[in-house]
């Protein structure tokens, strides 16, 4: 029974989440472009929004890039660069911990603003609040994994997660066994993280795809303004003569 659950959650569920994530995002862009937005409420409680948004976005970007590079970079590449698994795990604990605290503070401010300001609450949909609470729970779980990670700083557990994530991408059979015996809090963290990809197309998170990062690589444009000069020998417009009607004698 336990092996069946591990196979379903860590062997089959990842492909369901990735399929819904990619296909759902594409369908929403094709059919519901007017809903492809972040739903700004920046005119309300602007100061709290600025502080919360900056802390949240900086923290979440560091966390996302850390997970992306840490899980999907081939293990042989780290070995070639001389980066040990222990050093990599300490980097993940320190940088992930700092970014996690920043993200936690920012998200707490954003949730407080959305839930306890009646004006903002009225403009919020169920999915707006639900996705914030889901990310909040995932963030708390991520921070809770730090004390567990400190119990095995040799990086052995991290290698399991890397092998599992890379095996999922290359469709390796039986790869779910890599995470079958890890601590339950890691399993819950993985499950909730995959669930975020599953619900992604149905929430405002789709505005991530519209981030203006493409402008960084585009070619510059030069705007040239010229002064219009009067055209020589321009034919004057014919004068309009007014004709006064004569009174009958």
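In my numbering, the protein residues as written are 13 to 261.
Just so you know, even glycine gets a beta-carbon here, dropped at the ideal spot from N, CA and C.
Proximal residues to residue 37 (C-beta, below 8 Å), its chain only, five neighbours per side dropped: Position 25 of the chain shown, counted from the start, is the residue given in the question as residue 37. Excluding sequence neighbours, residue 37 sits near 212, 213, 218, 221.
Own chain residues within Cβ distance below 6 Å of residue 74, not counting five before or after: Taking the chain shown and counting its residues from 1, the one referred to as residue 74 is at position 62. Counting only Cβ-Cβ distances below 6 Å, and skipping sequence neighbours, we find 111.
Residue 55 classed as buried or exposed, judged by whether at least 16 other C-beta atoms fall within 10 angstroms: Locating residue 55 in the chain shown gives position 43, where the first residue counts as 1. The predicted position of residue 55 is uncertain, since its pLDDT is 48 and thus under 50; a value taken from the coordinates is nonetheless stated next. Residue 55 is exposed by the Cβ-count criterion.
Rounded separation between residue 188 and residue 156 - CA only: Translated into positions along the chain shown, residue 188 becomes position 176. Translated into positions along the chain shown, residue 156 becomes position 144. So the two alpha carbons sit approximately 23 Å from each other.
Contact belief for residue 191 with residue 173 at Cβ below 8 Å, rounded distance in angstroms: As a working mapping, residue 191 is identified with position 179 in the chain shown. As a working mapping, residue 173 is identified with position 161 in the chain shown. Yes, they are in contact, since the Cβ atoms of residue 191 and residue 173 sit about 7 Å apart, within 8 Å.
Rounded straight-line distance, which links the Cα of residue 166 to that of residue 41: Position 29 of the chain shown, counting from 1, holds the residue named residue 41. Position 154 of the chain shown, counting from 1, holds the residue named residue 166. Cα to Cα, the separation comes out at about 44 Å.
DSSP state of residue 213 mapped onto helix, strand, coil: As a first step, residue 213 must be located in the chain shown, where it is residue number 201. Of the three classes helix, strand and coil, the one that applies to residue 213 here is helix, per DSSP.
8 Å Cβ cutoff met for residue 22 and residue 202: Counting from 1 along the chain shown, the entry for residue 22 is found at position 10. Counting from 1 along the chain shown, the entry for residue 202 is found at position 190. Against a cut-off of 8 Å, the Cβ pair of residue 202 and residue 22 comes out as a contact.
Where the alpha helix (DSSP H) containing residue 42 begins and where it ends: Walking along the chain shown from the start, residue 42 turns up at place 30. Run containing residue 42: 25-43, per the alpha helix (DSSP H) assignment.
For residue 71 and residue 65, the rounded distance between their alpha carbons: Counting from one through the chain shown, the residue named residue 65 turns up at place 53. Counting from one through the chain shown, the residue named residue 71 turns up at place 59. The straight-line gap from Cα to Cα measures roughly 10 Å.
Candidates 169, 150, 175, 209: closest to residue 195 by CA position: Taking the chain shown and counting its residues from 1, one reaches residue 195 at position 183. If we check each option's Cα against that of residue 195, 169 comes out closest.
Selected residue, minimal CA-CA separation from residue 18, among 210, 205, 200: Residue 18 sits at position 6 when you count from the first residue of the chain shown. Residue 18 has its Cα closest to that of 200, out of 210, 205, 200.
Span separating the alpha-carbon of residue 197 from that of residue 149: Counting from one through the chain shown, the residue named residue 197 turns up at place 185. Counting from one through the chain shown, the residue named residue 149 turns up at place 137. Each residue's Cα considered, the two are about 12 Å apart.
Where residue 13 falls: helix, strand or coil (DSSP): Working through the chain shown from its first residue, we reach residue 13 at position 1. Note: residue 13 maps to coil in three-state DSSP.
Burial state of residue 176, where buried means 16 or more other Cβ atoms lie within 10 Å: Taking the first residue of the chain shown as 1, we reach residue 176 at position 164. It counts as buried.
Among 90, 183, 126, 104, nearest to residue 79 - alpha-carbon criterion: Your numbering for residue 79 matches position 67 in the chain shown. Closest by alpha carbon: 104.
For residue 192, three-class secondary structure by DSSP: Mapped onto the chain shown, residue 192 falls at position 180. It is coil, neither helix nor strand.
CB-CB length for residue 67 against residue 13, believed under 8 Å: Counting from one through the chain shown, the residue named residue 67 turns up at place 55. Counting from one through the chain shown, the residue named residue 13 turns up at place 1. 43 Å between Cβ atoms; not a contact.
Pair within 8 Å by beta-carbon distance, residue 140 and residue 59: Locating residue 140 in the chain shown gives position 128, counting from the first residue. Locating residue 59 in the chain shown gives position 47, counting from the first residue. For residue 140 and residue 59, no; Cβs fall outside 8 Å.
Beta carbon proximity, residue 27 to chain D, threshold 8 Å: Absence of chain D from the displayed structure is noted, only one protein chain being present.
Contact under 8 Å by Cβ, residue 209 with residue 89: Within the chain shown, the letter at position 197 stands for residue 209. Within the chain shown, the letter at position 77 stands for residue 89. No. Outside cutoff.
Contact under 8 Å by Cβ, residue 116 with residue 84: Position 104 of the chain shown, counted from the first residue, corresponds to residue 116. Position 72 of the chain shown, counted from the first residue, corresponds to residue 84. It is not a contact, given that the beta carbons lie outside the stated cut-off.
Rounded straight-line distance, which links the Cα of residue 91 to that of residue 136: Here residue 136 refers to the residue found at position 124 when the chain shown is read from its first residue. Here residue 91 refers to the residue found at position 79 when the chain shown is read from its first residue. Whole-angstrom Cα-Cα distance: 48 Å.
Other residues of its chain near residue 97: CB distance less than 8 Å, five sequence neighbours each side excluded: Working through the chain shown from its first residue, we reach residue 97 at position 85. 90, 166, 167, 168, 170, 171, listed in sequence order.
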